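Note that the protein sequences, when read in sequence, are chains A, B and C. Counted from 1, the first sequence has number 54 at position 54 by the UniProt record's numbering; the numbering is strictly sequential. Counted from 1, the second sequence has number 331 at position 331 by the UniProt record's numbering; the numbering is strictly sequential. Counted from 1, the third sequence has number 241 at position 241 by the UniProt record's numbering; the numbering is strictly sequential. Ideal Cβ positions, reconstructed from N, Cα and C, are used throughout, including at glycine. What you are looking at is a predicted structure, and each value in this text was computed from that prediction instead of being measured. A short write-up of the structure that comes next.
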Amino acid sequence: MFPKNTWYVACTPDEIADGPLGRQICGEKIAFFRGPEGKVAAVEDFCPHRGAALSLGKVVDGKLVCGYHGLAMGCNGKVVSMPGQRVGGFPGVRSFPVEERYGFIWVWPGDPALADASKIHHLEWAVNPEWAYGGGLYHINCEYRLMIDNLMDLTHETYVHGSSIGQKEIDEAPVATRIEGEEVITERFMENIMAPPFWRLALRGNDLPDDVPVDRWQICRFTAPSHVLIEVGVALAGKGGYHADPRFKVSSIVVDFITPETETSHWYFWGMARNFKPHDAALTASIREGQGKIFGEDMEVLERQQKNLESYPERKLLMLNIDAGGVQSRRILAKMVAKEQAPNAA
Amino acid sequence: MFPKNTWYVACTPDEIADGPLGRQICGEKIAFFRGPEGKVAAVEDFCPHRGAALSLGKVVDGKLVCGYHGLAMGCNGKVVSMPGQRVGGFPGVRSFPVEERYGFIWVWPGDPALADASKIHHLEWAVNPEWAYGGGLYHINCEYRLMIDNLMDLTHETYVHGSSIGQKEIDEAPVATRIEGEEVITERFMENIMAPPFWRLALRGNDLPDDVPVDRWQICRFTAPSHVLIEVGVALAGKGGYHADPRFKVSSIVVDFITPETETSHWYFWGMARNFKPHDAALTASIREGQGKIFGEDMEVLERQQKNLESYPERKLLMLNIDAGGVQSRRILAKMVAKEQAPNAA
Amino acid sequence: MFPKNTWYVACTPDEIADGPLGRQICGEKIAFFRGPEGKVAAVEDFCPHRGAALSLGKVVDGKLVCGYHGLAMGCNGKVVSMPGQRVGGFPGVRSFPVEERYGFIWVWPGDPALADASKIHHLEWAVNPEWAYGGGLYHINCEYRLMIDNLMDLTHETYVHGSSIGQKEIDEAPVATRIEGEEVITERFMENIMAPPFWRLALRGNDLPDDVPVDRWQICRFTAPSHVLIEVGVALAGKGGYHADPRFKVSSIVVDFITPETETSHWYFWGMARNFKPHDAALTASIREGQGKIFGEDMEVLERQQKNLESYPERKLLMLNIDAGGVQSRRILAKMVAKEQAPNAA
Chain A
1 MFPKNTWYVA
11 CTPDEIADGP
21 LGRQICGEKI
31 AFFRGPEGKV
41 AAVEDFCPHR
51 GAALSLGKVV
61 DGKLVCGYHG
71 LAMGCNGKVV
81 SMPGQRVGGF
91 PGVRSFPVEE
101 RYGFIWVWPG
111 DPALADASKI
121 HHLEWAVNPE
131 WAYGGGLYHI
141 NCEYRLMIDN
151 LMDLTHETYV
161 HGSSIGQKEI
171 DEAPVATRIE
181 GEEVITERFM
191 ENIMAPPFWR
201 LALRGNDLPD
211 DVPVDRWQIC
221 RFTAPSHVLI
231 EVGVALAGKG
241 GYHADPRFKV
251 SSIVVDFITP
261 ETETSHWYFW
271 GMARNFKPHD
281 AALTASIREG
291 QGKIFGEDME
301 VLERQQKNLE
311 SYPERKLLML
321 NIDAGGVQSR
331 RILAKMVAKE
341 QAPNAA
Chain B
1 MFPKNTWYVA
11 CTPDEIADGP
21 LGRQICGEKI
31 AFFRGPEGKV
41 AAVEDFCPHR
51 GAALSLGKVV
61 DGKLVCGYHG
71 LAMGCNGKVV
81 SMPGQRVGGF
91 PGVRSFPVEE
101 RYGFIWVWPG
111 DPALADASKI
121 HHLEWAVNPE
131 WAYGGGLYHI
141 NCEYRLMIDN
151 LMDLTHETYV
161 HGSSIGQKEI
171 DEAPVATRIE
181 GEEVITERFM
191 ENIMAPPFWR
201 LALRGNDLPD
211 DVPVDRWQIC
221 RFTAPSHVLI
231 EVGVALAGKG
241 GYHADPRFKV
251 SSIVVDFITP
261 ETETSHWYFW
271 GMARNFKPHD
281 AALTASIREG
291 QGKIFGEDME
301 VLERQQKNLE
311 SYPERKLLML
321 NIDAGGVQSR
331 RILAKMVAKE
341 QAPNAA
Chain C
1 MFPKNTWYVA
11 CTPDEIADGP
21 LGRQICGEKI
31 AFFRGPEGKV
41 AAVEDFCPHR
51 GAALSLGKVV
61 DGKLVCGYHG
71 LAMGCNGKVV
81 SMPGQRVGGF
91 PGVRSFPVEE
101 RYGFIWVWPG
111 DPALADASKI
121 HHLEWAVNPE
131 WAYGGGLYHI
141 NCEYRLMIDN
151 LMDLTHETYV
161 HGSSIGQKEI
171 DEAPVATRIE
181 GEEVITERFM
191 ENIMAPPFWR
201 LALRGNDLPD
211 DVPVDRWQIC
221 RFTAPSHVLI
231 EVGVALAGKG
241 GYHADPRFKV
251 SSIVVDFITP
261 ETETSHWYFW
271 GMARNFKPHD
281 AALTASIREG
291 QGKIFGEDME
301 VLERQQKNLE
311 SYPERKLLML
321 NIDAGGVQSR
331 RILAKMVAKE
341 QAPNAA
């Protein structure tokens, strides 16, 4: 249950730096590689000669050369050449619209005629030199919507991430969810509290005291199909909170790109963008390491949840106020899928 | 194919000492934990909020607190509280009758209205200070009845456990099987033989000579649903065998609690109770280690047997005299299951 | 999709040297062992007593004794004895025609009445002392015909085995395929080229220069059901190529016996027979090691190809001139299978 006529993060440039990459996205097995002039390309991971996985091959002069018998595949899914063969009548494979932007490779797994690169959302933090970004990738055996739910309800931090970013006050603070066009926003503000360990580290990293009360905020933005960007931060208490002068706060954006692999698994691109000390590579590395551990804590919870839901398919889950972010996000996804599947969809 | 309106061993107290335990029993996914005043509790391993596995949570003040968003589950399967929520209308989950007795946690996976703690069989060796017990747990990928068959026909010792408790005389001694109420008893007596390695060790452990002939016995008792207690021992030859004065014999009870997990797998709680040198902890440990190795030898045989039976479902197996114990035990189980499934069962 | 009324390589003698071997062949689970006087035997790997795997047992006096309760199985699939039992009425299991020849154990998984040992093809290199043989066994998760395709189209060497036996000239040389009776022969000759690394090693091993041009040949012979023997070699250029005097060439036979396990997996017995320096055991070992690495390179390609074909069952594959060897081999196999399945087959 996922829309296909939309852009998903497929991989990062380092994953195709040394050769092609085979990755399944929305049920499509795709080989990603750098075509002519280094431009990224994506074709079905299936050699029309004998069905070998093209991603096991090599890139030669911008063509993806099958590692079995040397068929050379072009970026458009048409066969370019094969040793000793006339390839004019050879069947091709599907190619997929693909874009490299903001430090990610984006793929459109649905109808290529509908692909429009301008629909990739602008990511200011990815292009503004005052921001730094660090992140990673996890493969998770649960459907992608469970991860969206997870990120749109941060009360789980208190239970899953108690030693880093969780704190009792998250549960106690009221949460508000609203819809703005195709976005779902759920936010929570906590005033005059002590910062949890992760944020104390960030305060120190930004030369601020970590033993005084702070105001803390979490603003989760879902944008379809599966991006959750979360503005998070703490400011010294009483300085204006979210709106405080940069001298008194530490803030960043938790970046989550959630890409379906199959109906029951997904690729989770996680990271953090920050606009303080953007050139401090050691800080980027230490935040990345800490975040990797925190997000790893979610995996067992989510994969066991997936199994439970498969075991009890008839059970209705609760939809509480804290779940509103996930519930609204699912509604938008359901509409997108319904629209795609309508008879006159295109 | 297992009765559910009956008591099964679910786990041992050490398994819930540091937190909840998730375990599937008779197809039911169950979270075990210690409720108020340390009393053991068992509820479905499914959080009614979003389906997370409750067993990944923590026990707080006798409640099982979900590790995802903090829903607190009571011992009775009713939701006690959740941060920021009124839980009065929340659906609950099933709770299971559960008892702690004889050093084990017992669960009744069927109709709770029928559960009666007095039906847990008395285990004298577990309460009498003149006895010591040591044991362990194996997870085995075969249906539980294959393990019952295994334990009710000890001729397999000669082939599977040749280096410890097996000896040719087991095959040669006549075996007798009888039914006493709901018990199946199969027994074998061997006179004037040399003890195999395991029993020579036990003789020495009890300050008896290990190089003289002995009389050996094996009395297997099946009690439904899946307990096999085996009286085993050796006495110096001619001193009365099973009835010999304790000074001349070494005897113990092999304890086997066999709990179905699914139709094709089970939990095997194995151990040995002895009434000699009960306070010798080193002896307990060494017997436990030896027994663990011996019972590990059965696993490959049983798991391959399970696969063979699945591959050839139409083949009829033989039912020889040596198989009578298993055959009779299966009849009792079949009756129990038929009774449960009858229209007017309850 | 495999013929069963035919001889397949089942195992090598070393695999049954220390006890029975359980191996699935053409869907049949078979226990191989040495019966009376060391003669090889093959029976269903299923004990008629309780379904245990006979291959977990021991061979005693030419009988296969079940490792569970001691039933003794004869080479003909009839029960010989069991401790304390009269076995006259015991059901037996299937036995399979089996032959030991040419350093391999051959099995006939189909109708035993049709088995004829004279139909095992003569292998001159296996009986002639001027030849040496070294080889190994891989288990591969793809249907056996993909391996036949692989070996009947050696253009893959250029891509899969680029660092050992592959070279661009293979692609460029014309290939010719013909059928001779029940054999498919596909051959390729390359003249005045430089030898690739594997053959340079072989030239040096045979005291020939490795830095001068050579003529190279590859003659692949498929004989049903699944034997591919490939004559390969290089001769100093201009000395007659394949027909050159032995002083000027290095040649050998790549030996491939491909035995179906299930519809989607097979056992691959690979090796090389050579008629130079046949008594040089170190050379045999080094060729074997090199060949093992080369053939290991095919495994990932083939297993991924199998998965791709399962994912896209409706796609037609190309049948190019280079594929003719595999295509013709498949036709012969299809005829054999059709003949077996015809109503009046036997």
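| query | result |
| --- | --- |
| In chain order, what are the residue ranges of uninterrupted alpha helix (DSSP H) at least 4 long that sit wholly in the segment 157-221 of chain A? | 168-172 and 197-205 |
| Rounded to a whole number of angstroms, what is the C-alpha to C-alpha distance between residue 115 of chain B and residue 313 of chain A? | 28 Å |
| To the nearest angstrom, how far is the alpha carbon of residue 206 of chain A from that of residue 192 of chain A? | 19 Å |
| Mind the definition here: the segment 257-270 of chain C touches the segment 199-217 of chain C only if three or more C-beta pairs lie below 8 Å; say whether that holds. | no |
| State the beta-bridge partners of residue 63 of chain A as determined by DSSP. | A:60 |
| Name, in chain order, the residues that DSSP records as bridge partners for residue 138 of chain C. | C:268 |
| If you measure from the beta carbon of residue 90 of chain B to each beta carbon in chain A, is any gap under 9 Å? | yes |
| For chain B, is any of its Cβ atoms less than 9 Å away from the one on residue 345 of chain C? | Residue placement at residue 345 of chain C cannot be trusted, given a pLDDT of 49 that sits under 50; what the coordinates show is reported in the next sentence. Answer no: the Cβ-Cβ gap between residue 345 of chain C and chain B never drops below 9 Å. |
| If you measure beta-carbon to beta-carbon, which residues of the segment 35-59 of chain A are closer than 7 Å to chain C? | 46, 48, 49, 50, 51, 52, 53 and 56 |
| With residue 230 of chain B as the anchor, note down where its beta strand (DSSP E) starts and where it stops. | 227-236 |
| Using beta-carbon positions only, say whether residue 258 of chain B and residue 164 of chain B come within less than 9 Å of one another. | no |
| By how many angstroms is the C-alpha of residue 251 of chain C removed from the C-alpha of residue 236 of chain C? | 12 Å |
| DSSP state of residue 93 of chain A, grouped into three classes? | coil |
| What residue range is occupied by the uninterrupted beta strand (DSSP E) comprising residue 8 of chain A? | 8-11 |
| Is the beta carbon of residue 33 of chain B less than 9 Å from the beta carbon of residue 64 of chain B? | yes |
| So residue 159 of chain C contacts chain A; which residues on that side make the cut at Cβ distance below 9 Å? | 57, 58, 65, 66, 67, 68, 69 and 70 |
| Just to check my reading of the structure: residue 253 of chain C and residue 231 of chain C have Cβ atoms closer than 8 Å, yes? What is that Cβ distance to the nearest angstrom? | 6 Å |
| Is the segment 149-167 of chain A in contact with the segment 115-132 of chain A, if contact means three or more CB pairs nearer than 8 Å? | no |
| For a test of the three-state rule: what should DSSP assign to residue 82 of chain B, helix, strand or coil? | strand |
| Closest to residue 85 of chain A by CA distance: which of C:89, C:172 and C:110 is it? | C:172 |
| Might you give, ordered along the chain, the residues of its own chain that have their beta carbon closer than 7 Å to the beta carbon of residue 305 of chain C, omitting 5 neighbours on each side? | 142 and 146 |
| Only counting the same chain, and skipping five residues up and downstream in sequence, which positions put a Cβ closer than 7 Å to that of residue 168 of chain B? | 158 |
| Which chain B residues sit within Cβ distance under 7 Å of residue 305 of chain C? | The premise fails here: residue 305 of chain C is roughly 28 Å from chain B at the closest Cβ pair, so nothing lies under 7 Å. |
| Between residue 82 of chain C and chain B, is there a C-beta pair that is closer than 9 Å? | yes |
| Determine which residues share a DSSP beta bridge with residue 254 of chain A and list them. | A:230 and A:272 |
| Tell me, to the nearest whole angstrom, how far the beta carbon of residue 80 of chain C is from that of residue 92 of chain C; I am working on the premise that it is less than 8 Å. | Going by Cβ atoms, the distance from residue 80 of chain C to residue 92 of chain C rounds to 10 Å, so no, they are not a contact pair. |
| Which value, in whole angstroms, describes the spacing of the CA atoms of residue 127 of chain A and residue 140 of chain C? | 48 Å |
| What are the residues in the segment 139-156 of chain B lying within 9 Å of chain C by C-beta distance? | 146, 149, 150, 153, 155 and 156 |
| Would you kindly check if the distance between the Cβ of residue 332 of chain B and the Cβ of residue 224 of chain B is under 9 Å? | yes |
| Could you spell out the range, first to last residue, of the beta strand (DSSP E) harbouring residue 30 of chain B? | 28-34 |
| Have a look at residue 324 of chain B and residue 61 of chain B and give me their C-alpha separation to the nearest angstrom. | 50 Å |
| If I follow the unbroken alpha helix (DSSP H) through residue 297 of chain A, where does it start and stop? | 281-311 |
| Kindly confirm or deny that the segment 17-24 of chain A and the segment 273-285 of chain A touch, where touching means at least three C-beta pairs closer than 8 Å. | no |
| With distance defined between alpha-carbon atoms, name the residue in B:162, B:229, B:112 and B:213 nearest to residue 185 of chain B. | B:229 |
| Using 10 angstroms around the beta-carbon of residue 256 of chain A, count the other beta-carbons present and answer buried if the total reaches 16, otherwise exposed. | buried |
| Name the chain B residues whose beta carbon is nearer than 7 Å to that of residue 301 of chain A? | 52, 56, 67 and 68 |
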